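Asker: Numbering (my numbering), first residue to last: 215 to 647. Below: one structure in structure tokens.
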């Protein structure tokens with residue numbers, strides 16, 4: 215039998231091209247490109263890029279924001295409102311009207327410096343001087359018509375006085391008038407007769423008066439005594455009239471005394487001078503008040519007002535007045551001590567509201583804060599007591615603490631507790647942590 219075993223098949227092998235031939239091919243292509251570039255004409259511009267290259271943009275890496283719920287801050291307790299008060303001028307403290315712990319109202323006098331009496335006296339004098347100057351100016355500015363009316367009254371009175379003085383002088387310079395002498399004699403005799411009659415009536419009444427007589431038991435003695443006293447008064451008056459009539463009769467019989475004539479002449483001269491002065495005043499007032507007097511009075515008023523303001527300021531400076539309502543939390547001086555200008559004398563605080571002041575916040579803490587952020591506040595001095603708080607403000611300007619940058623912030627404390635004290639250490643934990 216024929217041998218049926220098959221012969222083995224031959225394997226076709228493809229030999230790869232040598233590597234050196236491939237490198238040789240690509241080197242020829244690169245050389246051709248370089249020759250083409252070098253053989254380009256020099257006058258032809260290089261082909262422009264299709265679009266300009268954009269500047270490289272900075273790349274920011276966003277850091278992860280701090281978790282507000284993880285914020286924990288430390289600070290100290292302080293009143294929301296407080297003020298340190300002192301005198302604006304120096305002096306010895308005469309009175310301190312409050313003590314630590316007292317509640318005060320705005321405008322209440324807290325303390326006084328000495329020399330209050332002399333300042334008050336100077337103020338009263340300034341007020342009086344101002345009132346006098348103002349009244350004088352008011353009188354001056356009442357109007358020319360009113361002043362002219364007063365001057366016209368003065369002129370009329372001076373004219374009457376002059377007429378009376380002239381009439382009296384003429385009467386003294388006349389010779390005795392026989393008719394006037396006869397009339398004066400008649401008046402004297404009539405007064406004499408009346409005096410004699412009243413004397414007789416008095417003598418008769420006095421003879422009837424006998425208190426020891428039996429008849430006077432039935433007659434009111436008191437009424438009769440009054441009757442006698444009335445008669446005595448009538449006799450005295452009649453004696454005066456008689457003496458006057460005698461003097462007048464004697465005076466009518468002789469010429470006037472030279473002294474009386476000289477006195478009458480002097481009275482006439484005074485009356486005429488007063489009349490001339492009043493007429494001159496009227497002439498000056500016809501054009502209104504004197505401008506020089508007005509200017510002088512205005513200058514006096516201005517000076518008095520300036521002195522009044524200055525003395526009022528000095529008087530007010532001796533009194534320390536509360537600028538706000540609150541509690542006196544500290545006193546730094548005593549009565550009798552000297553207080554320098556603007557030296558702190560006492561501190562007043564409103565203890566009805568508190569806040570937490572934070573003064574050493576780091577940069578990481580500040581960036582995690584936001585106004586209005588709620589906090590839970592605890593105090594080292596009050597274990598177990600918890601308060602709610604809210605961030606009120608964050609300082610915009612940094613402060614340096616031991617060479618490090620720090621920031622400040624304030625948080626309102628909600629609620630109150632009588633045990634709270636200024637300066638207590640507080641911890642603020644962001645609400646929700």
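Ideal Cβ placement from N, Cα and C applies to all residues, glycine included. Keep in mind it's a predicted model, so treat the numbers as computed, not measured.
1) Just mark residue 505 as buried or exposed, buried being the case when its beta carbon has 16 or more other beta carbons within 10 Å.
2) Tell me where the alpha helix (DSSP H) around residue 633 begins and ends.
3) In the DSSP assignment, find the alpha helix (DSSP H) that holds residue 392 and state where it starts and stops.
4) Let me know if residue 561 comes out buried or exposed under the rule of 16 or more other beta-carbons within 10 Å of its beta-carbon.
5) Using three-state DSSP, classify residue 332 as helix, strand or coil.
6) Enumerate in chain order the residues of its own chain whose CB-to-CB distance from residue 715 is below 8 Å, with the five nearest sequence positions on each side excluded.
7) Out of 644, 630, 579, 415, state which residue places its alpha-carbon closest to the alpha-carbon of residue 589.
8) Report yes if the CB atom of residue 315 is closer than 8 Å to the CB atom of residue 591, and no otherwise.
9) With residue 308 as the anchor, note down where its beta strand (DSSP E) starts and where it stops.
10) Based on Cα-Cα distance, which residue from 406, 439, 342 lies nearest to residue 459?
11) What is the rounded straight-line gap between the Cα of residue 478 and the Cα of residue 372?
12) Let me know the secondary structure DSSP gives residue 572 once reduced to three states.
13) Is it right to say residue 637 is buried, meaning 16 or more other beta carbons lie within 10 angstroms of its own, or is it exposed?
14) Tell me whether the beta-carbon of residue 605 lies closer than 8 Å to the beta-carbon of residue 583.
15) Between the Cα of residue 585 and the Cα atoms of 545, 594, 568, 626, which residue gives the shortest distance?
16) Nearest to residue 521 by CA position, among 337, 615, 596, is which residue?
17) Check residue 503 in the structure and name its three-state DSSP category.
18) I'd like the span of the beta strand (DSSP E) that includes residue 327, first residue to last.
19) Could you compute how far the alpha carbon of residue 484 sits from the alpha carbon of residue 404?
20) Restricting to Cα atoms, I'd like to know which of 567, 551, 334 is closest to residue 540.
21) Spatial neighbours of residue 544 within its chain, please: C-beta separation below 8 Å, excluding the five flanking residues on both sides.
22) What distance in whole Å lies between the Cβ atoms of residue 287 and residue 516, which are believed to be in contact at a cut-off of 8 Å?
23) Alpha carbon to alpha carbon, how far is residue 519 from residue 344?
24) If distances are taken between C-alpha atoms only, which option among 285, 293, 311 comes closest to residue 536?
25) So, is residue 273 buried or exposed, given that buried needs 16 or more other C-beta atoms within 10 angstroms?
26) So residue 639 and residue 593 are in contact, right, with Cβ under 8 Å, and what is the actual spacing, rounded?
27) Can you find the residues in the same chain that come closer than 8 Å, C-beta to C-beta, to residue 603, ignoring five residues on each side of it along the sequence?
28) Quick check on DSSP: helix, strand or coil for residue 435?
29) Within the chosen definition, does the segment 288 to 297 reach the segment 484 to 496 through at least 3 CB pairs nearer than 8 Å?
30) So, for residue 420: in the same chain, excluding its five sequence neighbours on each side, which residues have a beta-carbon less than 8 Å away from its beta-carbon?
31) Note down, in chain order, each residue of its chain lying with its Cβ closer than 8 Å to the Cβ of residue 635, except the 5 sequence neighbours on either side.
32) By DSSP, does residue 480 sit in helix, in strand, or in coil?
33) Specify the secondary structure class of residue 257 as computed by DSSP and reduced to three states.
34) Give the straight-line distance between the Cα atoms of residue 397 and residue 461, rounded to the nearest whole angstrom.
35) Got a sec? Which residues, its chain only, sit under 6 Å from residue 375 by beta carbon, not counting five neighbours each side?
36) Using only the alpha-carbon positions, how far apart do residue 527 and residue 482 sit?
Answerer: So, from the data block:
1) Looking up residue 505 in the chain shown gives position 291. Looking at its Cβ environment, which holds fewer than 16 other Cβ atoms inside 10 Å, residue 505 is exposed.
2) Within the chain shown, residue 633 is the residue found at index 419, counting from 1. Taken as a continuous stretch (DSSP letters only), residue 633 belongs to no alpha helix (DSSP H), as it is neither H nor E.
3) Position 178 of the chain shown, counted from the first residue, corresponds to residue 392. Looking at the DSSP string, the run of the alpha helix (DSSP H) that includes residue 392 is 392 to 422.
4) By 1-based counting over the chain shown, the position of residue 561 is 347. Its Cβ being crowded by 16 or more others within 10 Å, residue 561 is buried.
5) Taking the first residue of the chain shown as position 1, residue 332 is located at position 118. Collapsing the DSSP output to three states places residue 332 in a helix.
6) Because residue 715 is not part of the residues shown, which for the chain are 215 to 647, the question remains open.
7) Translated into positions along the chain shown, residue 589 becomes position 375. When only C-alpha atoms are compared, the closest one is 644.
8) Looking up residue 315 in the chain shown gives position 101. Looking up residue 591 in the chain shown gives position 377. Cβ distance not < 8 Å, so residue 315 and residue 591 don't count as in contact.
9) Reading the chain shown from its first residue, position 94 is the one you call residue 308. For residue 308, the enclosing beta strand (DSSP E) begins and ends at 305 to 310.
10) Within the chain shown, residue 459 is the residue found at index 245, counting from 1. Selection 406, 439, 342 evaluated against residue 459 yields 406 as nearest (Cα-Cα).
11) Locating residue 478 in the chain shown gives position 264, where the first residue counts as 1. Locating residue 372 in the chain shown gives position 158, where the first residue counts as 1. In this structure, the alpha-carbon of residue 478 lies about 15 Å from that of residue 372.
12) On the chain shown, residue 572 is found 358 positions in, with the first residue counted as 1. It is a strand residue.
13) Here the question's residue 637 lines up with position 423 in the chain shown. Under this definition residue 637 is an exposed residue.
14) Here the question's residue 605 lines up with position 391 in the chain shown. Here the question's residue 583 lines up with position 369 in the chain shown. Going by C-beta atoms, residue 605 is nearer than 8 Å to residue 583.
15) As a working note, residue 585 is residue 371 in the chain shown. Nearest of 545, 594, 568, 626 to residue 585, Cα basis: 626.
16) Residue numbering aside, residue 521 sits at position 307 when the chain shown is read from its first letter. It is 337.
17) Here residue 503 is taken as the residue at index 289 of the chain shown, counted from 1. Coil, per DSSP.
18) Counting from 1 along the chain shown, the entry for residue 327 is found at position 113. Taken as a continuous stretch (DSSP letters only), the beta strand (DSSP E) holding residue 327 covers 323 to 327.
19) Counted from its first residue, the chain shown places residue 484 at position 270. Counted from its first residue, the chain shown places residue 404 at position 190. Distance between the alpha carbons of residue 484 and residue 404: 39 Å.
20) For the purposes of this step, residue 540 is taken as the residue at position 326 of the chain shown. Of the listed residues, the one whose Cα sits closest to residue 540 is 567.
21) Position 330 of the chain shown, counted from the start, is the residue given in the question as residue 544. Beyond the five residues adjoining it in sequence on each side, residue 544 comes within less than 8 Å, by CB distance, of 314, 560, 561 in the same chain, given in chain order.
22) Position 302 of the chain shown holds residue 516. Position 73 of the chain shown holds residue 287. Their Cβ separation, rounded to whole angstroms, is 60 Å, which puts residue 516 and residue 287 out of contact at 8 Å.
23) If you number the chain shown from 1, residue 519 lands on position 305. If you number the chain shown from 1, residue 344 lands on position 130. So the two alpha carbons sit approximately 7 Å from each other.
24) Counting from one through the chain shown, the residue named residue 536 turns up at place 322. Closest by C-alpha distance to residue 536, out of 285, 293, 311, is 311.
25) Counted from its first residue, the chain shown places residue 273 at position 59. Annotation note: pLDDT 38 at residue 273 (below 50); position unreliable, no value reported.
26) Mapped onto the chain shown, residue 639 falls at position 425. Mapped onto the chain shown, residue 593 falls at position 379. Residue 639 to residue 593, Cβ: 7 Å. Contact.
27) Position 389 of the chain shown, counting from 1, holds the residue named residue 603. Only 570, 588, 589, 590, 591, 625, 626, 627, 628, 642 meet the Cβ criterion.
28) Taking the chain shown and counting its residues from 1, one reaches residue 435 at position 221. Under the three-state reduction of DSSP output, residue 435 falls in the helix class.
29) They do not touch, by the three-pair rule.
30) By 1-based counting over the chain shown, the position of residue 420 is 206. 442.
31) Indexing the chain shown from 1 puts residue 635 at position 421. Counting only residues of its own chain and dropping the five nearest sequence neighbours on each side, residue 635 has a CB closer than 8 Å to the CB of 291, 595.
32) As a position in the chain shown, residue 480 is number 266, starting the count at 1. Here residue 480 sits in helix by DSSP.
33) Taking the first residue of the chain shown as position 1, residue 257 is located at position 43. Caution is warranted here: a pLDDT of 42 is assigned to residue 257, below 50, making its placement in the model unreliable, and the coordinate value is therefore given only provisionally. In the structure shown, the three-state DSSP call for residue 257 is coil.
34) One-based indexing of the chain shown puts residue 397 at position 183. One-based indexing of the chain shown puts residue 461 at position 247. For residue 397 and residue 461, the gap between their C-alpha atoms comes out near 13 Å.
35) On the chain shown, position 161 is the one that residue 375 refers to. The residues are 485.
36) Taking the chain shown and counting its residues from 1, the one referred to as residue 527 is at position 313. Taking the chain shown and counting its residues from 1, the one referred to as residue 482 is at position 268. Taken atom to atom, the span from the alpha-carbon of residue 527 to that of residue 482 is near 58 Å.
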